[in-house]
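Shown next, in structure tokens, is the structure this report addresses.
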Amino acid sequence: MVKINEKLYELENENIFSNVNKKIKEYKLKNHNKRIVSLGIGDVSIPVIKPVIDAMHEAVDDLANMTTFDGYGAYYGLTELRETILKHEYKDFSLDEIYIGDGTKTDTTSILELFDINSKICIADPMYPIYRDGAKILNREAEIIPLSEANNFLPEIPKDHYDILYVCSPCNPIGVAFTKKQLTHLVEYAIKEESIILYDNVYNSFITNKDVPHSIYEIENAKKVAIEFNSFSKKASFTGLRCSYYVIPKEIHKNINYLWKQRTINRFNGASCIAQKGAIAVYKKESQEMIKKNIRYYQENARLLIESFQKLNFTFWGGIDSPFIWVKIKDDTTSWEIFDLFLEELNIIIIPGIIFGEMGDGYFRVSALGSREMIKEAICRLESYYLQDKS
Ligand code: PLP
62 MVKINEKLYE
72 LENENIFSNV
82 NKKIKEYKLK
92 NHNKRIVSLG
102 IGDVSIPVIK
112 PVIDAMHEAV
122 DDLANMTTFD
132 GYGAYYGLTE
142 LRETILKHEY
152 KDFSLDEIYI
162 GDGTKTDTTS
172 ILELFDINSK
182 ICIADPMYPI
192 YRDGAKILNR
202 EAEIIPLSEA
212 NNFLPEIPKD
222 HYDILYVCSP
232 CNPIGVAFTK
242 KQLTHLVEYA
252 IKEESIILYD
262 NVYNSFITNK
272 DVPHSIYEIE
282 NAKKVAIEFN
292 SFSKKASFTG
302 LRCSYYVIPK
312 EIHKNINYLW
322 KQRTINRFNG
332 ASCIAQKGAI
342 AVYKKESQEM
352 IKKNIRYYQE
362 NARLLIESFQ
372 KLNFTFWGGI
382 DSPFIWVKIK
392 DDTTSWEIFD
402 LFLEELNIII
412 IPGIIFGEMG
422 DGYFRVSALG
432 SREMIKEAIC
442 RLESYYLQDK
452 S
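Residue numbers (the working numbering): 62 to 452.
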């Protein structure tokens, strides 16, 4: 009889997330009249900007015409898109080093196919749970390193050897980011240990702190040890369109760049050409201005949330270089209990910290990616609940 990949039975993420959705659905069924607002969504709420929509309309029309029709694209992405990314974001690299994917979720997990199955992988907790579960699906064992308030929820430089380190900065769920100095220590570690850093940089457009690098390659020698992942999802509302990009420097040891090309030819036929043509339009001057404005909108949401959590005397992290705020629960309530309380008493959805790993219990994550109206409504409910509670 056929044997199933046993690791699939061990996945936690799907169960936990469906538990959140199940609880919300059940509550809504019993409480039709209640208006629920969400501070939970990691998805964006601002629609795709017009220059991108126009470029995609054109791409669709091209597909309908014999003279402009194009079928399979390049495995590593449209040359024009890769050239555009190179010009705007990675001037010190060559075209060969830029790859287009259909999302950082896929890219950051499938990259493990490059490495030996017994590679020692390091993943922090709390962290974007896809790294942990993606590794599991590919039958890789990852060591989970607990993060804590003492280190501002940033991973310390490991004392042991690891072959592969997952690093997310600005980080989901905590919302904090590595400074240049901290990242320099990490790169030095990777050089010494001959490790590879898988650097998830999807929230880099939210960075405001001058000490926080916009790319790991701002750090000396990072080209020798780091693969950087980025996406159009959060910065340009491509969460449904699906288009990402990543850099595998040729300087990385063991000819990884060449090997990834061999792997990609056999495993991927490229991202949608419509999405890629839309992505080219992201770099137009007018688009960049619109995108900056949209990011400022989310940043203002984050500011309003921070202001309110301060007023309510919550301890929290993030919201400055990222759209996420990580909030400490005031008493010994668990993160599931606070989720239930917020849902039932305040009709607000938050994400229980435990979803991001065991160390996340005792915390919850809120997101600034919702609409202003929703954020303001949530703040209003939070303040009337907690301020009234106090009196
Ligand atoms: N990496 C992190 C840290 C994320 O939080 C997310 C989405 O929430 C992703 C990657 C997924 O990005 P994409 O939409 O490009 O797959």
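Every residue, glycine too, gets a C-beta built ideally from N, C-alpha and C.
Nearest residue (CA-CA) to residue i, options the options
i: Tyr264; options: Lys285, Tyr359, Ile110, Asn126; result: Tyr359
i: Ala185; options: Tyr160, Ser171, Val228; result: Val228
i: Ile326; options: Asn66, Tyr133, Gly164; result: Tyr133
i: Ile191; options: Lys166, Gln337, Pro207; result: Lys166
i: Ile172; options: Phe78, Glu289, Leu72, Tyr278; result: Glu289
i: Cys304; options: Met435, Lys242, Asp168, Ala211; result: Asp168
i: Leu442; options: Arg433, Ser432, Leu407; result: Here residue 442 turns out to be Arg, not Leu, going by the sequence shown. Cα-wise, what sits closest to Arg442 is Leu407.
i: Ala336; options: Ile367, Lys284, Ile178, Gly162; result: Gly162
i: Ala340; options: Phe417, Thr245, Gly164, Gln371; result: Gly164
i: Glu350; options: Lys95, Asn82, Lys89, Val113; result: Val113
i: Ser432; options: Asp221, Pro108, Gln449, Ile277; result: Pro108
i: Pro274; options: Ile412, Asn262, Gly195, Lys285; result: Asn262
i: Tyr205; options: Phe417, Ser369, Ile280, Ser445; result: What sits at residue 205 in the sequence shown is Ile, not Tyr. Nearest C-alpha to Ile205: Phe417.
i: Ser445; options: His93, Tyr70, Leu373; result: Leu373
i: Asn318; options: Glu67, Val286, Phe370; result: Val286
i: Cys232; options: Tyr189, Phe377, His314, Ser209; result: Tyr189
i: Lys242; options: Lys437, Ala283, Val81, Asn355; result: Ala283
Close-in-space but distant-in-sequence residues of the same chain around residue i (CB under 7 Å, 5 per side omitted)
i: Ala439; result: Val98, Leu100, Ile409
i: Ala363; result: Gly380, Pro384, Ile386, Ala429
i: Tyr447; result: Leu373
i: Ile415; result: Ser396, Trp397, Gly421, Asp422
Cβ-based neighbour list, residue i, same chain, cut-off 6 Å, excluding 5 preceding and 5 following
i: Asp224; result: Ser180, Lys181, Ser256
i: Gly195; result: Thr170
8 Å Cβ shell around residue i - same chain, five flanking residues per side excluded
i: Ile85; result: Ile97, Leu404, Ile410
i: Glu174; result: Leu199, Arg324, Arg328
(request) Just list the alpha helix (DSSP H) runs in the stretch 167 to 255, keeping only unbroken ones of 4 residues or longer that don't cross its boundaries, in chain order. (result) 190 to 198, 241 to 254
(message) Can you tell me which residues fall inside 6 Å of the ligand PLP, judged by beta-carbon distance to its nearest heavy atom, and keep chain order?
(response) Gly103, Gly164, Thr165, Lys166, Tyr189, Cys229, Asn233, Asp261, Val263, Ser292, Ser294, Thr300, Ser305
(message) Measuring CB atoms only, is the stretch 135 to 144 touching the stretch 250 to 270, in the sense that at least three cross pairs come out at less than 8 Å?
(response) no
(message) Check whether the stretch 205 to 220 and the stretch 228 to 241 touch, using three or more Cβ-Cβ pairs below 8 Å as the test.
(response) yes
(request) Could you tell me whether the stretch 110 to 126 touches the stretch 306 to 313, where touching means 3 or more Cβ pairs closer than 8 Å? (result) no
(request) Can you check the stretch 270 to 314 for any beta strand (DSSP E) of at least 3 residues that lies completely inside it and give the ranges in chain order? (result) 287 to 292, 305 to 308
(request) Would you mind listing the alpha helix (DSSP H) stretches within the stretch 68 to 143 that are 4+ residues and don't spill past its ends, in chain order? (result) 74 to 91, 111 to 124
(message) Under 8 Å: do the stretch 289 to 303 and the stretch 102 to 113 share three or more Cβ pairs, one atom per stretch?
(response) yes
(message) I'd like the ranges of any alpha helix (DSSP H) spanning at least 4 consecutive residues and lying wholly in the stretch 390 to 418.
(response) 396 to 402
(request) Pair every Cβ in the stretch 152 to 169 with every Cβ in the stretch 346 to 360, then say whether three or more of these pairs are closer than 8 Å. (result) no
(message) With three or more beta-carbon pairs closer than 8 Å as the criterion, would you say the stretch 317 to 336 touches the stretch 124 to 139?
(response) yes
(request) Could you tell me whether the stretch 196 to 214 touches the stretch 243 to 261, where touching means 3 or more Cβ pairs closer than 8 Å? (result) no
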